[in-house]
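Take a look at the structure below.
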Amino acid sequence: MTDTDQERDRNKETAFYKFTQQTLPACKPVLTPAWVITIFLFTGCIFIPVGLVTLRASRSVVEIVDRYDAECVPEPFRIDKVSYVQDDSIPKNCSRFLKVHKYMKAPIYIYYQLDNYYQNHRRYVKSRSDQQLLHGRKYHGTSSCQPVEFNNDHAIVPCGLVAWSLFNDTFKFIRERAELKVNRKNIAWKSDRDHKFGKKVYPYNFQNGTLIGGGKLNPRIPLSDQEDLIVWMRISALPSFRKLYGRIEEDLDVDDVVVVHLMNNYNTYSFSGKKKLVLSTSSWLGGKNDFLGLAYVFVGSSSLILALVFMLLHLRYRR
């Protein structure tokens with residue numbers, strides 16, 4: 123045997139050679155009918171209880187949802203709602219009555235919900251400057267903010283369509299002639315307040331043009347403390363979304379009637395949008411959302427059905 127043949131035999135014993143030839147020892151489990159049935163049974167027995175617990179947590183959340191965009195337009199203006207909302211001479215105040223059908227334990231979260239509002243539109247999402255939000259007017263690379271970049275040759279802070287379209291409806295809550303105080307602190311993510319919005323950056327030249335988009339900002343308060351803006355600037359992925367407005371830190375009893383005095387300022391009529399006011403409690407899982415629980419129950423039920431089918435097939439056809 124030549125040296126070449128000996129070297130070839132030695133190479134065949136190396137791990138690299140075995141790996142390239144796929145001859146390494148490996149665990150190759152054989153999925154027998156007993157194993158398949160056991161796995162499906164185990165999956166079902168785990169997923170169904172988890173889904174039921176999740177569904178119970180979601181169903182324990184109490185919600186009051188009130189759509190007010192249509193009802194808060196005076197009768198003479200319902201033919202042309204856009205003209206109504208754009209006319210500053212017409213008062214926009216409106217009152218709504220919300221009846222509590224189930225005990226609501228504090229804190230009660232207040233959300234405004236917008237439907238048919240595509241915040242995820244590429245042009246809309248792009249029209250902002252995160253560096254300007256953090257550093258203010260000393261940052262000049264704001265070309266992405268067009269068409270809301272300058273006004274009267276002065277920079278706009280914060281610039282862009284996202285900030286320009288800030289939601290500006292306001293809500294005041296009354297129960298038994300006493301005002302329910304709304305806590306509007308800590309409604310935005312702490313990471314956003316601390317790291318994405320400058321503590322020494324103040325609004326400048328904002329909403330001073332001829333075309334007003336949404337809410338205005340207090341020029342004496344830094345952006346890091348303007349939590350309405352911070353909440354609004356976190357873009358929603360879906361055309362129907364909720365954003366946190368504040369918290370009521372008092373319990374609401376059954377049959378309580380909450381009077382809501384609101385200002386119907388925000389224009390959703392030009393794109394057939396909807397506005398809703400939501401009062402909601404929370405559970406250990408968060409807000410009301412049945413999807414996760416239903417998904418667990420569906421997967422668990424499917425696994426049990428498949429286990430039963432395989433068991434019957436195995437009993438009927440042993441081989």
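Residues 123 to 441 in the working numbering are what the sequence shown lists, from first letter to last. All C-beta atoms, glycine included, are put in the ideal place defined by N, C-alpha and C. On a predicted model such as this, the values are computed, not experimentally measured, just so you know.
Going by C-alpha to C-alpha distance, which of the options sits closest to residue i?
i, options, result
"V376", "I186, I168, I159, V158", "I186"
"L174", "A417, T136, L426, K294", "A417"
"E107", "F219, V184, V172", "Residue coverage of the chain in this structure runs from 123 to 441, which leaves residue 107 outside it and unanswerable."
"F420", "Y240, C267, G166, Q268", "G166"
"I334", "V323, N238, D210, I161", "D210"
"F432", "A156, V152, N386, Q144", "A156"
"D252", "R356, L360, S405", "R356"
"D291", "K307, Y190, F162", "Y190"
"I161", "L430, Q144, F319", "L430"
"T403", "Y233, I168, P196", "Y233"
"Q254", "R299, K322, A310", "K322"
"D314", "Y324, I159, Q348", "Q348"
"L302", "I168, L401, K140, P198", "L401"
"H317", "I278, L256, R200", "L256"
For the putative contact between residue i and residue j, defined by C-beta atoms under 8 Å, what is the C-beta separation to the nearest angstrom?
i, j, result
"L366", "V353", "6 Å"
"A228", "D378", "That pair is no contact at about 13 Å."
"D350", "G337", "7 Å"
"G282", "V270", "6 Å"
"N327", "G368", "So it is not a contact: roughly 28 Å between Cβ atoms."
"D188", "L399", "5 Å"
"R364", "Q235", "5 Å"
"G415", "Y239", "With a Cβ gap of about 27 Å, G415 and Y239 do not count as contacting."
"P361", "P341", "So it is not a contact: roughly 32 Å between Cβ atoms."
"I159", "G422", "About 15 Å; that fails the 8 Å criterion."
"V172", "S405", "Rounded, the Cβ-Cβ distance is 15 Å, inconsistent with contact."
Which word fits residue i, buried or exposed, when buried means at least 16 other C-beta atoms lie within 10 angstroms of its C-beta?
i, result
"K397", "buried"
"T176", "buried"
"Q329", "buried"
"P280", "buried"
"I370", "buried"
"I230", "buried"
"F164", "exposed"
"T136", "exposed"
"F138", "exposed"
"F295", "buried"
"Y439", "exposed"
"F319", "buried"
"R437", "The amino acid occupying residue 437 in the given sequence is Leu; Arg does not appear at that position. Counting Cβ neighbours within 10 Å, L437 comes out exposed, since fewer than 16 surround it."
"V195", "buried"
"L339", "buried"
"A359", "exposed"
"I343", "exposed"
From the DSSP secondary-structure annotation, give me the bridge partner or partners of residue i.
i, result
"C194", "Per DSSP, none; premise fails for C194."
"K294", "H383"
"Y279", "Sequence check: residue 279 is Val here, not Tyr. Paired residues: Y326."
"I186", "L401"
"A300", "R297"
"D237", "K396"
"N273", "H276"
"C216", "L384"
"K365", "Y234"
"N305", "R369"
"L374", "M226"
"K338", "Note: K338 sits in no beta bridge, so no partner."
"K221", "V379"
"G320", "According to DSSP, which records beta bridges pairwise, G320 is partnered with nothing at all."
"V408", "According to the sequence shown, residue 408 is Gly rather than Val. Partner(s): S405."
Task: Validate contact between the segment 373-383 and the segment 281-289 using beta carbons, cut 8 Å, 3 pairs - done: no
Task: Touch test, the segment 244-262 against the segment 215-227, Cβ-Cβ under 8 Å, three pairs minimum - done: no
Open item on the list: Taking 8 Å as the cut-off, does the segment 204-213 touch the segment 387-394 (at least 3 CB pairs, one atom from each stretch)?
Closed with: yes
TODO: Determine, using beta-carbon pairs with one atom in the segment 409-416 and one in the segment 142-153, whether at least three such pairs fall under 8 Å.
DONE: By the Cβ test, the segment 409-416 is not in contact with the segment 142-153, since fewer than three Cβ pairs between them sit closer than 8 Å.
TODO: Flag this pair as touching only if the segment 210-217 and the segment 178-185 have three or more C-beta atom pairs under 8 Å; answer yes or no.
DONE: no
Task: contact_flag[the segment 420-434, the segment 268-277] where n(CB pairs < 8 Å) is 3 or more - done: no
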